[in-house]
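Residue numbers (numbering that gives the first Met the number 0): 0 to 256. Comments concern the structure below.
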Amino acid sequence: MTVEIRRFQRSDRDQVTGLVNAHVTAVVPGVSVPVNAVMSQLERDPGEFIVDPWVVERQTFVAVERDAVVAGAHLLRYGSDESVGDSYRNTAEVRWLVCKPEARQAGDSLLQKCSEVMDGWGVGRQYADGSLPALATYGVPACWPHIRSLYRRAGFLFDGHVEVILASDVDRLPEAPTPPIPGLEVLRSVGNCGTRFSAMLDEVTVGVIEVETDMTEGGTRSRLSGWGDVGNLHTIESFRRKGVGTWLVGTAADWLR
0 MTVEIRRFQR SDRDQVTGLV NAHVTAVVPG VSVPVNAVMS QLERDPGEFI
50 VDPWVVERQT FVAVERDAVV AGAHLLRYGS DESVGDSYRN TAEVRWLVCK
100 PEARQAGDSL LQKCSEVMDG WGVGRQYADG SLPALATYGV PACWPHIRSL
150 YRRAGFLFDG HVEVILASDV DRLPEAPTPP IPGLEVLRSV GNCGTRFSAM
200 LDEVTVGVIE VETDMTEGGT RSRLSGWGDV GNLHTIESFR RKGVGTWLVG
250 TAADWLR
C-alpha cells in the first residue's frame with residue numbers, strides 16, 4: 000500500500016487527535032484530550048516549564064494511507080548553548096509517535112522520516128518518547144507494544160527506567176490515622192507540584208506529599224474533571240517504614256474527600 004509521509008497540516012488535526020486519544024485511553028480509561036490540547040503542544044508545551052524553553056525547533060509529520068492519517072509524530076530539537084541542561088544539550092527527540100497498530104509500514108516509514116530529519120539537525124544524540132498532552136501518558140507504556148516495536152526496529156535502545164503508575168478512587172485511600180510518631184504534625188502549604196502537605200516533627204520536615212487537584216487546566220479539559228495527581232511523595236530515609244508515608248497519603252485523601 001502506498002504511504003505518503005508529509006508535514007502536518009491544520010486539516011489533519013481531528014484525525015491526529017483521534018490517534019492521540021486512542022493511545023491515551025489505552026493508558027487511562029475514560030480520559031481523552033481535545034483538539035486544542037494537541038494543537039497547543041505542537042507549538043509549545045507549557046507543562047514542561049523547565050525543558051520546553053530549551054527547544055529551538057519543532058516539526059510534526061503524518062503518514063497517510065488512502066487519504067487517511069494513520070500515524071503522526073512530533074519532533075523536538077534542543078539548543079546547544081550552556082543554558083540547556085546537560086542531558087538535553089544538542090539532542091533531538093521524537094516527543095511522541097502515534098500509529099494505528101495495523102499500519103506497520105506507515106509507522107516504519109514515518110519513523111524513518113523522523114530519523115532523517117534528526118540526522119539533518121546534526122545533533123549528538125536522538126531520543127524517542129511517548130509524552131502526549133494527557134494525564135499519566137509518557138514514556139512508552141506497556142499497552143503500546145506496536146510503538147515499542149516501531150522504535151526497536153528503527154534502532155532505538157531502551158536505557159532508561161521503568162515506572163509503575165497507580166490509580167485509585169479517593170474513597171478507597173486510607174484515612175489519616177493517629178500520627179504514627181508522637182509529636183508529628185501536618186503543615187499544608189503551596190507546593191511545586193500542587194498543594195503540599197508536610198510532616199513536621201520538632202520543626203523539621205520529615206516527609207512531604209504534593210497533590211495537584213485541577214487537571215482540567217481551569218476547565219479546558221473537562222474529561223479530566225475529578226482526577227488528581229500525586230506530584231511528589233517523599234520521606235527522609237531515617238523515617239521510612241514508620242508509617243509516615245501512609246499517614247501523609249491519608250492526610251491528603253482526607254483533604255480531597
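Each residue gets a CB set at the ideal place from its N, CA and C atoms; glycine is no exception.
Helix, strand or coil, according to DSSP, for MET199 in the structure here? strand
Under the three-state DSSP convention, the category THR245 falls into: helix
Those runs of the alpha helix (DSSP H) which lie wholly inside the region 22-81 and span at least 4 residues: 34-42
On the DSSP bridge list, what partners appear for TYR126? GLU92
Residue range of the beta strand (DSSP E) that GLY4 falls in? Before going on, a small fix: residue 4 reads as Ile here, not Gly. Per DSSP, ILE4 belongs to the beta strand (DSSP E) from 3-6.
Going by alpha carbons, who is nearest to LEU172 out of PHE48, ASN191, THR245 and THR59? THR245
Where the alpha helix (DSSP H) through GLY106 begins and ends: 103-120
Residues of its chain near ALA25, where Cβ-Cβ distance is below 6 angstroms and the 5 sequence neighbours each way are ignored: CYS142
Taking 7 angstroms as the limit between beta carbons, can you name the residues of its chain near PRO269, skipping five residues before and five after? Residue 269 lies beyond the residue range present for the chain, which begins at 0 and ends at 256; the question has no answer from this structure.
VAL203, buried or exposed, once every other Cβ within 10 Å from all chains shown has been counted against 16: exposed
To the nearest angstrom, report how far apart VAL169 and THR212 are at their CA atoms. 12 angstroms
Is it buried or exposed, GLU184, if we count other Cβ atoms within 10 angstroms and call 16 or more buried? exposed
Would you check whether the ligand SAM has a heavy atom nearer than 7 angstroms to the C-beta of LEU232? The ligand SAM is absent from the structure shown, which contains no ligands of any kind.
Which of helix, strand or coil DSSP assigns to SER148: helix
DSSP three-state call for THR234: helix, strand or coil? strand
With a threshold of 16 other CB atoms inside 10 Å of the CB of HIS22, please say whether the residue is buried or exposed. buried
Take LYS112 as the anchor and find which of TRP53, ALA62, ARG240 and ASP11 has the nearest alpha-carbon. ALA62
Using DSSP with H/G/I as helix, E/B as strand and the rest coil, what is ALA212? According to the sequence provided, residue 212 is Thr. The question's Ala does not apply to it. Reduced to three states, the DSSP call for THR212 is coil.
Put THR194 into one of helix, strand or coil per three-state DSSP. strand
Taking the beta carbon of GLU92 as the centre, do at least 16 other beta carbons fall within 10 Å, making it buried, or is it exposed? buried
Might you give, ordered along the chain, the residues of its own chain that have their beta carbon closer than 6 angstroms to the beta carbon of GLY190, omitting 5 neighbours on each side? GLU209
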